[in-house]
Structure formats: C-alpha cells, structure tokens
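By the working numbering, the letter at position 135 of the sequence shown is numbered 121, and the numbering carries on one by one without gaps.
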Amino acid sequence: MMSELVALPTLIFPTFAARINSDDGSLRIYDEVRRMYVSLTPEEWVRQHCIHWLAGQGYPLGRCSVERKVDASGMRYDVLWVDAEMKPYLLVECKSPDVKVTTDVLRQSAWYNLTLKAPYILLTNGMEAFCASVARDGVVDMIDQVPPYPAL
-13 MMSELVALPT LIFPTFAARI NSDDGSLRIY DEVRRMYVSL TPEEWVRQHC
37 IHWLAGQGYP LGRCSVERKV DASGMRYDVL WVDAEMKPYL LVECKSPDVK
87 VTTDVLRQSA WYNLTLKAPY ILLTNGMEAF CASVARDGVV DMIDQVPPYP
137 AL
C-alpha cells in the first residue's frame, strides 16, 4: 500500500531500511540524527540517504547535526559533521533531485562555511555529488572523493 503513495527516485547513494510512515496523513521519514519523523520531501529523501551513506563510511551519527542555524542571521545548513574536538569537519548541502548542483549551490555552502570553517564541503542532489576542500584562506578545490572521518 505504501508503494502506491511513494514515487521517490533511486539515488546514487546505497538504499537503506528507511522508516516511513503516514500516520498523520502526510509522508514522514525517520531521521536518526534528530531522532524524530520529519516531512518526506524530495530534499529530505536525499539528505537521509546521504547521512546513511556517510555513517556507513565511518562518520559517527553522534557527531552529526541536521538543519541548524549557522549564526544569528538565521541561515541554516543541511548537515554538519564535527570532528573529535567538536570542530566542523564536513558541511553537506543537499538539494532535491530535480535541482541541479551548480556554482550557486557551492556559493551558498561557502557562505555558510565562512562562519563554520569546515575543511570539507559535500554538495549533492542525490543524482550527483561533488566534494571540495576549503583552505583556511577560503580557497576551494574540488576533490575526487569524500575524505575519511578523521581518526579519533
């Protein structure tokens, strides 16, 4: 019955046992980081897949935060992983699968990162993904893959 309600695209990230419900009449997916069901939008579909993929790569869920304010400006990032010293490590910007990942998306993340100062940024719409390293002076270089989570 649920499959009739959901027509979500297959993404570049591995599938996982998503917990989806529609108890209140709207589709919701369980977010293990926020420990609650959230509205299942196309962007959230991408975000949850990306989080689960990174967790499978050794990124600990306990060091992850989702949709938090960057600063007093009210800007919100999608996903942020911090290292063992609780310093920003990987900033993730997720878009809906129908939104192209462009230099504007990179610019948006770089703007958030002026405050956060994460050394890595991952941009994805679930159909493609791009990772960049960000030097202390703000210079952004595209890299081939997401760096491993730093050893404890």
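Don't be surprised by glycine CBs; every beta carbon is placed ideally from N, CA and C.
Asked: If we ignore side chains and look at the alpha-carbon of each, how far apart do ALA115 and LEU109 end up?; Found: 6 angstroms
Asked: Who are the near neighbours of SER(-11) in its chain, counting only those whose CB is closer than 7 angstroms to its CB and skipping five residues on each side?; Found: In this prediction, SER(-11) has a pLDDT of 40, which is less than 50 and means its spatial position is unreliable; what the coordinates show is noted afterwards. Contacts found: none.
Asked: Going straight from the alpha carbon of MET128 to that of ASP9, what length do you get?; Found: 42 angstroms
Asked: Can you say whether GLN34 is buried or exposed, counting buried as having 16 or more other CB atoms within 10 angstroms of its CB?; Found: buried
Asked: For ALA41 and PRO136, which I take to be in contact (beta-carbon distance under 8 angstroms), what is that distance rounded to the nearest angstrom?; Found: In fact, because the Cβ distance is near 15 angstroms, the residues do not count as touching under 8 angstroms.
Asked: In whole angstroms, what separates the C-alpha of VAL32 from that of PRO0?; Found: 11 angstroms
Asked: Taking 7 angstroms as the limit between beta carbons, can you name the residues of its chain near PRO133, skipping five residues before and five after?; Found: TYR106
Asked: Tell me whether LEU(-6) sits in a helix, a strand or coil according to DSSP, three-state version.; Found: coil
Asked: Is VAL24 helix, strand or coil by DSSP?; Found: strand
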